[in-house]
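These notes concern the structure reproduced below.
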Amino acid sequence: MNKIFSILFLTIGLSLYAQVGINTAGPNAKLDVNGDYNLRDKLVVLNATDNSLSQGTNDQILVSQGEGYPPIWKTLRIPEYEPNKFYLIFNNSFSDRTGVKFTSAEESTSASSRSTTFVKGADFSTFNRFKKIASLTQPINVYSTESKTYFQFETVVHADFAANGTTDSSVDYACGIFVDNKLVNLRQGNLKASSAANPFLTHNQIGIIENLTKGQHTISVACSRLKSYTTTNVTLGIGINVATNIDSFIAQSSLKVDVYEVPQVFNTILD
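Letter 261 of the sequence shown, counting from 1, is numbered 247 in the working numbering, and no numbers are missing.
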């Protein structure tokens, strides 16, 4: 009987007063419990879509939708990881049709100091007349102190050489992959004139960097025209066509980034 009266008094109290506190003289909600709370039966919330009461399902949790909105049930999915083993945490690919162009007057002075300039960890500011390929500059996130990040860059190098050019007519170029403006990988190439006008080639480049610091990083790709041989007034395009024998679709650049990590902090995923 005492229990019945207690429930009645609590119900009457909730209906008469805007806020009720248990073990607190200053409640901050309609029902403010200052202390432990045991729930022996069920917990239901309002389903705003059909105004029904929802109990959720096994292993679901309540997630706030913000002030003025009822909480909703969410399924918590935590992937199972084996300790000390790498897992693919981030995977994405990017493309660019803008590319970069270089005239004969835009050759880099780095051509004469390649062995000292093109070193791992060198800052982008030291690379003379390197141009970044705009849409390949992208952010990535690393969550573990143990990681391996792989890069695969592909583009087309195009030059408007005249037909029947001599085999000694060519242009050296270079492309580098940078993380936070620090060089992690660089490849050089040479495009030669041929019996056909406006030759082009496909440039492929793969790089890796280990154990980036935890947090956000910026990936970028930059290229340069290094040196010309027995040729003048030739435009070089990297990731963009410089003549009509190919178009921007064929010449476009792509960058694929894969981040493998040994998980340390699990970022929960909610459906």
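Virtual Cβ for every residue (Gly too), placed ideally from N, Cα, C.
Going by DSSP, what residue range makes up the alpha helix (DSSP H) through residue i?
i	result
Thr135	Counting along the chain, Thr135 falls outside any alpha helix (DSSP H), though it belongs to the beta strand (DSSP E) covering 133 to 145.
Thr103	100 to 103
Short of 7 angstroms in beta carbon distance, which residues of its chain neighbour residue i, apart from the five on each side in sequence? Order them along the chain.
i	result
Ser40	Val30, Val31, Asn33, Trp59
Gly42	Trp59
Glu132	Asn197, Glu247, Val248
Lys134	Phe72, Ile194, Glu196, Tyr246
Ser234	Arg83, Ile226, Asn227
Val49	Pro57, Ile58, Lys60, Leu256
Ala120	Asp82, Thr84
Lys106	Leu169, Val170
Tyr262	Since the first residue shown for the chain is -13 and the last is 257, residue 262 is missing from the structure and cannot be characterised.
Can you name, in chain order, every residue of its own chain whose Cβ lies under 6 angstroms from the Cβ of residue i, other than the five neighbours on each side?
i	result
Tyr136	Ile194, Asp244
Val170	Ile163, Gly193, Ile195
Lys118	Ser206, Ala208
Asn150	Ser181
Using beta-carbon positions only, say whether residue i and residue j come within less than 9 angstroms of one another.
i	j	result
Ala183	Ala237	no
Glu140	His203	no
Asp158	Arg211	yes
Phe104	Ser240	no
Ile226	Arg115	no
Pro56	Ser130	no
Val142	Leu187	yes
Gly85	Ile232	no
Gly201	Val128	yes
Cys161	Leu177	no
Asn20	Asn9	yes
Thr221	Thr35	no
Ser96	Phe113	yes
Can you pull the DSSP bridge partners for residue i?
i	result
Leu187	Val143
Lys118	Ala208
Gln202	Asn127
Tyr159	Gly175, Arg211
Glu196	Lys134
Phe113	None; Phe113 has no bridge partner.
Leu169	Phe164
Thr95	Answer is none; Thr95 lacks a bridge partner.
Lys60	Ile47
Taking Cβ positions only, does residue i come closer than 9 angstroms to chain C?
i	result
Arg211	Absence of chain C from the displayed structure is noted, only one protein chain being present.
What span of residues does the beta strand (DSSP E) with residue i cover, start to end?
i	result
Ser239	239 to 247
Ser79	73 to 82
Gly223	222 to 224
Ala15	Where Ala15 is concerned, there is no enclosing beta strand (DSSP E), given that its DSSP letter is neither H nor E.
Gly7	6 to 8
Lys87	86 to 88
Ile232	Here Ile232 belongs to no beta strand (DSSP E), and DSSP marks it neither H nor E.
Gln46	46 to 49
Asn33	31 to 33
Leu39	38 to 40
Near residue i, which residues of its chain fall below 8 angstroms by C-beta distance, leaving aside the five closest residues on each side in sequence?
i	result
Ile205	Leu122, Thr123, Gln124, Pro125, Ile126, Phe137, Ile163, Phe164, Val165, Leu241, Val243
Asn167	Asp109, Phe110, Ser111, Thr204, Ser206
Ala148	Ala179, Ala183
Lys28	Gln41
Gln51	Pro57, Ile58
Arg26	none
Going by C-alpha to C-alpha distance, which of the options sits closest to residue i?
i	options	result
Asn219	Gly21, Lys87, Arg173	Lys87
Thr217	Asp233, Asp22, Glu68, Ala91	Ala91
Asp185	Cys161, Ala160, Ser155, Ile47	Here the sequence assigns Pro to residue 185, which means Asp is not the residue at that position. Minimum Cα distance to Pro185 is reached at Ser155.
Gln46	Thr35, Thr61, Asp36	Thr61
Lys213	Asp22, Ser99, Val49, Asn77	Ser99
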